[in-house]
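The next block holds one structure in the form of structure tokens; read it before the comments.
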Amino acid sequence: ALADMRSINLFGVQQICRNTIAVEQAMAAIPYIDSETVQQNLDRVRTYFELLNMPFEALLAFIAEHDQMFTPTEYSNLLKVNVPGRDTPSDAQSRLLEILSH
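Written out as structure tokens, the structure reads:
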């Protein structure tokens, strides 16, 4: 999904987060669904998309502290998406690899 996006704005990120909440509520009403697992997975989705709102340096700090939360590819995709207002330097991918290699 994110790997296919070229850009996203703040409204798009907010809409994705709202939609995950709506899906979570709908899934909770279905019997025989492990709602705890659903909630954990949707929380992960929300956290991932909320990272798009972080400035580049803050995002790198988050990745350094939570390097196992998402895959290297998922982190890399966060840097590839154009987010208005977020300046991503040309060496962003190499800096990410440096963090993840420790």
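Our numbering applies: residue 11 is where the sequence shown begins, and numbers increase by one.
Beta carbons: idealized from backbone N, C-alpha and C, even for Gly.
Quick caveat, the model's predicted, so the values are computed rather than measured.
Bridge partners for residue i per DSSP, in chain order?
| i | result |
| --- | --- |
| S45 | According to DSSP, which records beta bridges pairwise, S45 is partnered with nothing at all. |
| S17 | N92 |
Using CA atoms only, rank isn't needed, just tell me which of the options is closest to residue i.
| i | options | result |
| --- | --- | --- |
| Q78 | A68, R54 and V91 | R54 |
| E75 | I109, G22 and Q24 | I109 |
| V33 | N87, L52, L106 and A71 | L52 |
| Q24 | T81, L62, Y85 and I73 | L62 |
| P82 | H112, Q35, M15 and S17 | H112 |
| I18 | I73, R105 and N87 | N87 |
| I73 | T47, R105 and A39 | R105 |
| D97 | Q50, P41, G22 and M64 | M64 |
For residue i and residue j, which I take to be in contact (beta-carbon distance under 8 Å), what is that distance rounded to the nearest angstrom?
| i | j | result |
| --- | --- | --- |
| F66 | C27 | Wrong, their Cβ atoms sit about 20 Å apart, outside the cutoff. |
| A102 | L89 | 5 Å |
| L12 | V91 | 6 Å |
| M9 | I43 | With the chain represented from 11 up to 112, any question about residue 9 goes unanswered, as that position is not in the structure. |
Next on the checklist: My parser needs the alpha helix (DSSP H) runs of 4 or more residues fully inside the segment 69–102; what are they?
Outcome noted: 82–90
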